[in-house]
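In what follows, a structure is listed as structure tokens, so that the remarks can point back to it.
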Amino acid sequence: MLHNTCTGIRNFFKSHFRIQDEQKRAEGFKDSAAVAKLRFLSKFDEIAEANGGYLVGSGLTWADIVTVFYIHQIRKLTQIDPISDLPGLARLLSSVSNAEGIKQRFATLSGRSM
């Protein structure tokens with residue numbers, strides 16, 4: 436489920452990269468962020484809030500790491516923060532991003548594209 440959801444979110448944004456007009460591309464990214472937030476991220480936020488900042492249980496799992504990686508990629512590639520008003524995911528992002536070893540690993544992956 437998580438992989439399919441993250442792939443769906445990625446595909447919302449992916450379709451706009453071919454748009455040549457920067458303003459139209461930015462508008463497309465903004466629209467995609469709104470749809471992704473409504474359809475997917477708000478549900479993840481509720482789950483993270485209920486689990487103390489994690490998606491599965493009360494500790495760090497691959498689900499948390501993969502979700503945070505996708506959030507980082509969306510931010511980097513679109514210059515949009517899709518979780519600015521989602522406190523559960525913001526807490527998840529902070530927890531995962533600052534976990535020992537994770538921050539360094541994300542830094543090595545950040546140059547890769549979707």
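Going by my numbering, the residue at position 12 of the sequence shown is 447; the numbering climbs one at a time, nothing skipped.
We put the beta carbon where it would ideally sit given N, CA and C, even for glycine.
Quick caveat: nothing in here was measured; it's all calculated off a predicted structure.
Could you have a look at PHE479 and say whether DSSP puts it in helix, strand or coil? As a first step, residue 479 is located in the sequence shown; it is residue number 44 there, counting from the start. Helix at PHE479.
Backbone CA spacing between ARG453 and ILE509 [nearest angstrom]: Here residue 453 refers to the residue found at position 18 when the sequence shown is read from its first residue. Here residue 509 refers to the residue found at position 74 when the sequence shown is read from its first residue. For ARG453 and ILE509, the distance between alpha carbons rounds to 16 Å.
Which of the three DSSP states, helix, strand or coil, is assigned to ILE509? Within the sequence shown, numbered from 1, the residue matching residue 509 stands at position 74. Helix.
For ALA534, which residues of its own chain have a beta-carbon under 8 Å away from its beta-carbon, when the five flanking residues on both sides are left out? By one-based count along the sequence shown, residue 534 stands at place 99. Same-chain partners within the cutoff: LEU495.
LEU496 in three-state terms, based on DSSP: As a position in the sequence shown, residue 496 is number 61, starting the count at 1. Note on residue identity: the sequence assigns Thr, not Leu, to residue 496. Three-state DSSP puts THR496 in coil, outside helix and strand.
Is GLN539 helix, strand or coil by DSSP? Translated into the one-based positions of the sequence shown, residue 539 becomes position 104. The answer is helix: DSSP assigns GLN539 an H, G or I state.
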